[in-house]
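Data first, discussion second: the structure below is written as structure tokens.
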Amino acid sequence: MPIDTATAQRQVLDAADSLFYERGVQAVGMDAIRAASGVSLKRLYQLFPSKDALIEAYLDQRDRLWKQMLQEHLDAATDPRERILAVFDFLYSWFTQRDFRGCAFINSFGELGAVSPRVAELAQEHKAGFRRALTELAEAAGARDPEQLSDHLILLSEGAITTSAISGSPEPAKRAREAAELLMDASLPS
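Mapping to the UniProt record's numbering: the sequence shown position 119 is 119, numbers consecutive.
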């Protein structure tokens, strides 16, 4: 019995997510996605007419998942200062996941950013969305200069993501959290 479109699409995206994130988008061919998803190559190309379309769908899915995981950590904190620190608690939690391989957007940008304007655009949009979220948190906490604080916080966050991916340790999130506390002491009202 043939599977419905939504199920087939989910199977393909789940397989692409796992393989692209683990191996990189250039190293994984459509045949590997077909084999991992159990969806025929013909059906795969009906759902995603090109590998580029599949990469875009993968990054869209990663963006939604990342925002959801971050929001769950933010929702668990009520104090505005603690909400900012919850970002770093989220990072620590993410870094401890068995399959953590760094930021899918940084990884994809590194592989394709120079040759795929759409991948570069999706990476920029994702990072801009994260910066907006940090700015909103800084505003809610009463920062004297929310834009400046968010610029510092995003550098700490991105540095922690990259350092953790390279080192294989979640500890950079703790160090970044400590640095964020110092920044907040200097930027937020007592």
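Every residue, glycine too, gets a C-beta built ideally from N, C-alpha and C. Please read these numbers as outputs of a predicted model, since none were measured by experiment.
| Item | Value |
| --- | --- |
| Residue 23, buried or exposed, once every other Cβ within 10 Å from all chains shown has been counted against 16 | exposed |
| Test item: CB-CB of residue 161 and residue 102 under 8 Å | yes |
| Spatial distance of residue 58 from residue 92 (CA atoms) | 23 Å |
| Where residue 88 falls: helix, strand or coil (DSSP) | helix |
| With 16 other Cβ atoms within 10 Å as the buried cut-off, status of residue 150 | buried |
| Secondary structure of residue 124, DSSP reduced to three states | helix |
| Inter-residue Cα distance where the pair is residue 179 and residue 14 | 36 Å |
| Distance between residue 155 and residue 163 (C-alpha atoms, nearest Å) | 12 Å |
| Check whether residue 189 and residue 140 have beta carbons under 8 Å apart | no |
| Extent of the continuous alpha helix (DSSP H) to which residue 24 belongs | Neither: residue 24 is in no alpha helix (DSSP H) and is coded neither H nor E. |
| Buried/exposed call for residue 8, threshold 16 Cβ in 10 Å | buried |
| Beta-carbon proximity check, residue 133 vs residue 157, cutoff 8 Å | no |
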